[in-house]
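Residue numbers (my numbering): 46 to 338.
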């Protein structure tokens, strides 16, 4: 018996006791048990007696006493305690707890897997750091959270695609290229550019493999340093995440959305269908049509 099964069995037993008591009010179809903040108070807790007190016209503690008496002798329950005006704290029998441990040891890596999300496709995008600098501590936190969430969803039967969205288009990429070019030429990095030792290291690595890049004019040079620096920085991010144990199915380039006029065609189609509109020189998505207020 799994922990979820024990919880379901206890919740069902409570509802059966309440149904037999004929309180004269409608009972919830299902009951979700909480975890007590203090584990000394038991394994599960419920405020169902308080919730039913008004519709049943009874004292919540009296309802709690009905539940306590009805659960006496249940094979999965060691004790039922009543706290305050009618809170119920339930301690699971050690034999049932032991069954969970045996099941976990028997099933090994398959323990906790289920089929509740079978047939569900989920695109899980996380981290998606700009390819203009190294990953920092915040990124590793999201790597851990995203990877763990992906594993949980997969264990529940979902088909999960983990996506890293690469922000490789826009003004920040040109500033990245300009910063690298300035560092390589020994010039002052623009105030609104990218600073730090890693910029100097990247610039040296680029020039070492592509010495002619220093001779390009300003516009060509910025573009070249941008693209070469992007490739090196993205590779470093991928290597770090690989060493961290976080793997992606898709590395999606934002720049690819603008290739072959895909973005323009999509925007034109949305305009044609009335889903976007132009207002004060900006393009707006009409999300209110879909219930987004």
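Cβ atoms here follow ideal geometry from the backbone N, Cα and C, with glycine treated the same way.
For residue 214, no alpha helix (DSSP H) run applies, since DSSP gives it neither H nor E. Pairwise C-beta distances place the segment 133 to 149 in contact with the segment 85 to 97, as three or more of them are shorter than 8 Å.
Comparing alpha carbon positions, the residue from 114, 140 and 203 closest to residue 120 is 140. In this structure, residue 91 sits away from residue 72, with a CB-CB distance that is not shorter than 7 Å. The three-state secondary structure of residue 175, taken from DSSP, is coil. The residue from 176, 219, 244 and 277 with its alpha-carbon nearest to that of residue 231 is 244. Contact check for residue 164 and residue 200: beta-carbon distance about 15 Å, past the 8 Å limit, so the pair fails to qualify. Within the segment 175 to 210, the runs of alpha helix (DSSP H) at least 4 residues long that lie entirely inside it are, in chain order, 182 to 200.
Judged by DSSP secondary structure, residue 287 falls within the alpha helix (DSSP H) whose first and last residues are 263 to 289.
DSSP, reduced to helix, strand and coil, places residue 330 within a strand of the structure shown.
Contact between residue 108 and residue 98 is confirmed by a C-beta separation of about 6 Å, below the 8 Å threshold. Straight-line measurement puts the Cα of residue 187 at about 6 Å from the Cα of residue 172. Annotation for residue 128: the continuous beta strand (DSSP E) segment containing it runs 122 to 128. The DSSP-derived three-state label of residue 71 is coil. Around the beta carbon of residue 74, fewer than 16 other beta carbons sit within 10 angstroms, so the residue counts as exposed. Beyond the five residues adjoining it in sequence on each side, residue 126 comes within less than 6 Å, by CB distance, of 134 in the same chain, given in chain order. For residue 59, the closest of 69, 122, 83 and 102 by C-alpha to C-alpha distance is 122. Annotation for residue 242: the continuous alpha helix (DSSP H) segment containing it runs 242 to 254. Straight-line spacing of the CA atoms in residue 56 and residue 76 works out to 6 Å. Measuring C-alpha to C-alpha distances from residue 169 to each of 179, 207 and 303 identifies 207 as the nearest. Residue 108: member of the alpha helix (DSSP H) spanning 105 to 115, first to last residue.
Setting aside the 5 residues that flank it on each side, residue 240 is surrounded in the same chain by 224 and 234, each with a C-beta closer than 8 Å to its C-beta; the list follows chain order.
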